[in-house]
Amino acid sequence: MERSLKDASRTCRTDDEIAQEEIARTNARLRHFRGIAVTVMHDALEILEEIWDSCQDPRSWKEILDGVPEPAARTPTGGWPEFYERLHLLRAYIDYAKRLCEGSIDRQHSEPKGG
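The letter at position 62 of the sequence shown is residue 61 when you use numbering that gives the first Met the number 0, and the numbering goes up by one with no holes.
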């Protein structure tokens with residue numbers, strides 16, 4: 000039985016070369032993982048900033064210092080439906096990042112209690 004050149008080249012590699020190839024593959028996987036994690040967390044932080052901005056006190060610093068009362072029934076910017084939608088999206092990003100870090104990305108996330 001003849002060996003192909005491809006098979007011959009495999010048997011000629013040293014243990015160090017095989018180890019270096021495995022290290023390179025592992026490093027590539029880690030860079031890919033890090034890129035996904037950074038993107039997900041960046042998106043989550045953007046949503047958190049939007050939520051935070053919608054919760055800010057509408058009064059100026061001067062009104063706050065002068066004791067002007069906060070509006071009684073303050074509605075977040077965009078209204079409550081949009082606010083809740085952003086909260087749900089933030090939860091989805093955080094849940095995805097958690098499962099990504101755990102290595103359980105294939106498993107379905109669990110719904111929050113009461114939601």
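Virtual Cβ for every residue (Gly too), placed ideally from N, Cα, C.
With burial defined as no fewer than 16 other Cβ atoms inside 10 Å of the residue's Cβ, what is the status of residue i: buried or exposed?
i: Ala43; result: buried
i: Ile46; result: buried
i: Tyr83; result: exposed
Using 7 Å as the threshold, is the C-beta distance between residue i and residue j below it?
i: Val39; j: Ala96; result: yes
i: Thr74; j: Ser53; result: no
i: Arg90; j: Ile50; result: no
Alpha carbon to alpha carbon, what distance is there between residue j and residue i?
i: Leu99; j: Arg30; result: 14 Å
i: Ala23; j: Asp14; result: 14 Å
i: Glu48; j: Asp56; result: 14 Å
i: His87; j: Ala72; result: 22 Å
i: Asp94; j: Glu101; result: 11 Å
i: His41; j: Ile17; result: 36 Å
i: Phe32; j: Arg12; result: 29 Å
i: Asn26; j: Glu81; result: 40 Å
Specify, as a first and last residue, the run of the alpha helix (DSSP H) that residue i falls within.
i: Arg12; result: Counting along the chain, Arg12 falls outside any alpha helix (DSSP H), and DSSP gives it neither H nor E.
i: Gly102; result: Neither: Gly102 is in no alpha helix (DSSP H) and is coded neither H nor E.
i: Glu69; result: First-last for Glu69: undefined, no H or E at that position.
Is the Cβ of residue i closer than 7 Å to any Cβ of chain D?
i: Ile93; result: The structure shown contains no chain D; it is built from a single protein chain.
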